[in-house]
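K.L.:
My questions will all concern the structure given below.
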Amino acid sequence: MKTLILTSLCLVLFGCEKAPKEIWQANKNVSAYANVNAAQGKAAFTIKKGEKCEAGETAYGKVDAYTKLNCKSGSGWVTESEHFTRLPTSK
1 MKTLILTSLC
11 LVLFGCEKAP
21 KEIWQANKNV
31 SAYANVNAAQ
41 GKAAFTIKKG
51 EKCEAGETAY
61 GKVDAYTKLN
71 CKSGSGWVTE
81 SEHFTRLPTS
91 K
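Residue numbering for the sequence shown follows full-length UniProt numbering, beginning at 1 and increasing consecutively.
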């Protein structure tokens with residue numbers, strides 16, 4: 001019973017806090033791909049310079065890191081994170 005109460009308390013204290021999403025702004029036009037395996041192939045869409053996107057998960061390949069971005073122009077994966085400025089987030 002004590003274990004159940006402790007587990008419930010931990011879930012309430014730590015499970016409810018949601019970290020703010022990171023916002024990235026493109027510094028130049030950047031190709032976005034439908035999935036990680038499609039990277040280096042034909043781009044699904046282009047993130048335009050100045051567009052703001054919400055950053056999602058990051059997947060690591062042998063050479064590159066792929067970050068999922070959700071933008072107004074679409075949702076896709078990018079490898080060129082150096083072409084984005086990370087904007088401050090508010091809680």
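Beta carbons are placed, not taken as given, at the ideal position from N, Cα and C, and that holds for glycine.
#1: Would you list the residues sitting across from residue 78 in a DSSP beta bridge?
#2: Which partner residues of residue 26 appear in the DSSP bridge assignment?
#3: Could you give the residue range of the beta strand (DSSP E) that holds residue 52?
#4: Quick check: residue 85 and residue 25, are their CB atoms within less than 7 Å of each other?
#5: Quick one, which of 89, 70, 32 has its alpha-carbon nearest residue 79's?
#6: Tell me the rounded alpha-carbon separation between residue 48 and residue 30.
#7: Suppose contacts are defined by Cβ-Cβ distances below 7 Å. Is residue 76 in contact with residue 55 by that definition?
#8: Mind checking whether residue 42 and residue 83 have CB atoms under 7 Å apart?
P.N.:
Let me lay it out:
#1: 67
#2: 84
#3: 52–60
#4: yes
#5: 32
#6: 7 Å
#7: no
#8: no
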